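**Q** The structure is given below, and queries will be raised subsequently.
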Amino acid sequence: MLVNKKHFKYITIEPNIYEVDDLCFPPILLSKLPTFPAGNWNYGRISQAAENPTIFFAETSRKDFPSITPLWHAKSYDYLSFKIGQRLRANVYVASSAQFKKPIIAKFARFEWEIGYYITETRVYSWIDGSNIGPEFLGYLTEEGRVIGFLIEKVEGRHATISDLSACKAVVEQLHGLGILHRDLNKHNILISERGAVLIDFETAERSDDSEAMEVELRGLEEQLLDESGIGGVILDEEEKEI
């Protein structure tokens, strides 16, 4: 939660205090939160005593939240320097800033446990840097100095279809040639642009010398490009469907 447009606060709300619908709709939830205590804290816990209906902050503290490490790219950008726009997937947004000539993609963690995924993904971007296998890695996204995510090129294109099988095989073979398994190949994770097929979403990718696993991944491409289940695609909330 951003307070006064400059301070981030992470709040834990104990069970059975608010309705589920309120928890899922920030404008309503914010209006129901108790007054924020003064002080230099970034973590708070909201509670309610059984004998008293008053909702209150039971705890506030200064907490060291996890950060993406190690860092391989030289550039970092503060979250507050960006205008966060359209949500493409959970944690993935179109963003704009005077520091970039055109919109880019920002991907960042909302919860502590998500940091691990981005440690993996930023590492994979270091392995493929300069190869044109994926979008260009532009730098890290920080929150009061802590690295919470990263920025990549916004690839202009469309999701792959079965007619793109040859181009998709070529880029996957290139990835395998670097000794990397993607491990989440589906048509939503392959973009077709002017430069050809581009892979995205490396959260589960890993180094591997398992040629059999690579062959299985490559053979499975045709089935994935024909799949109509929507797996790997964007699932919109009810509010977003109505917009």
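Take my numbering: the final residue in the sequence shown is number 560, and no numbers are missing along the way. Every residue gets a Cβ at the ideal spot worked out from N, C-alpha and C, and that includes glycine. Just so we're clear, the structure is a prediction, and the values are computed from it rather than from any experiment.
Can you tell me the Cα-Cα spacing of LEU346 and LEU340, whole angstroms?
**A** 6 Å
**Q** Alpha carbon to alpha carbon, what distance is there between GLU453 and ILE465?
**A** Within the model, the alpha-carbon separation for ILE465 versus GLU453 is close to 18 Å.
**Q** From the DSSP output, which residues share a beta bridge with THR377?
**A** GLY361
**Q** Check whether the Cβ atoms of ALA373 and SER364 sit closer than 9 Å, and answer yes or no.
**A** Position check: residue 373 holds Phe in this sequence, whereas Ala was assumed. Between PHE373 and SER364, the C-beta spacing is below 9 Å.
**Q** Candidates ASN408, PRO343 and ALA366: which alpha carbon is nearest GLU331's?
**A** ALA366
**Q** Could you please give me the residues that DSSP links to VAL409 through a beta bridge?
**A** ARG406 and LYS424
**Q** Under 8 Å, with one C-beta from each stretch per pair, do the region 480-499 and the region 513-520 reach the 3-pair mark?
**A** As far as the Cβ criterion goes, the region 480-499 touches the region 513-520, which means the pair count is three or higher.
**Q** Expressed to the nearest angstrom, what Euclidean distance is found between the alpha-carbon atoms of LYS501 and ASN333?
**A** Note that residue 501 is Asp in the sequence shown, not Lys. Straight-line spacing of the CA atoms in ASP501 and ASN333 works out to 36 Å.
**Q** Using a threshold of 8 Å, is the CB atom of SER443 nearer than that to any non-hydrogen atom of the ligand ADP?
**A** The ligand ADP is not part of the structure shown, which contains no ligands of any sort.
**Q** Which same chain residues end up closer than 8 Å to VAL409 when comparing Cβ atoms and leaving out the 5 residues on each side of it in sequence?
**A** ILE422, ALA423 and LYS424
**Q** How would you call LYS504, buried or exposed, if buried means at least 16 neighbouring beta carbons within 10 angstroms?
**A** buried
**Q** Beta strand (DSSP E) containing TYR394: first to last residue?
**A** 393-395 is the extent of the beta strand (DSSP E) around TYR394.
**Q** Measure the alpha-carbon distance for ASN506 versus THR371 and round it to whole angstroms.
**A** As the crow flies, the alpha-carbon of ASN506 is around 47 Å from that of THR371.
**Q** Nearest-angstrom Cα distance between TYR574 and LEU458?
**A** With the chain running from 318 to 560 in the structure shown, residue 574 is simply not present.
**Q** Where does LYS614 sit, in a helix, a strand or coil, going by DSSP?
**A** As displayed, the chain neither begins before 318 nor continues past 560, which places residue 614 out of reach and without an answer.
**Q** Hey, out of GLU539, TYR335, ILE432 and TRP444, whose CA is closest to HIS390's CA?
**A** Relative to the Cα of HIS390, the nearest Cα in the group GLU539, TYR335, ILE432 and TRP444 belongs to TRP444.
**Q** If you reduce the DSSP assignment to three classes, tell me which class SER510 lands in.
**A** strand
**Q** May I ask you to list the residues that DSSP assigns as paired with PHE454?
**A** BP columns for PHE454 point to ILE469.
**Q** Around the C-beta of GLU559, are 16 or more other C-beta atoms found within 10 angstroms, so that it is buried, or is it exposed?
**A** Bear in mind that a pLDDT of 31 at GLU559, under 50, signals an unreliable position, so the number given afterwards is only what the model happens to contain. Classification for GLU559: exposed.
**Q** Using DSSP with H/G/I as helix, E/B as strand and the rest coil, what is LEU561?
**A** Given that the chain is displayed from residue 318 to residue 560, the structure contains no residue 561 and the question cannot be resolved.
**Q** Keeping to the same chain, check which residues put their C-beta closer than 7 Å to that of GLU555; ignore five residues upstream and five downstream.
**A** At GLU555 the pLDDT is 37, less than 50, meaning the model places this residue with poor confidence; the figure from the coordinates comes in the next sentence. So no residue of the chain qualifies.
**Q** My output table needs one value for LYS400: the three-state DSSP class, helix, strand or coil.
**A** strand
**Q** Please classify LEU455 as buried or exposed, where buried requires at least 16 other C-beta atoms within 10 Å of its C-beta.
**A** With 16 or more other CB atoms across the displayed protein chains lying within 10 angstroms of its CB, LEU455 is buried.
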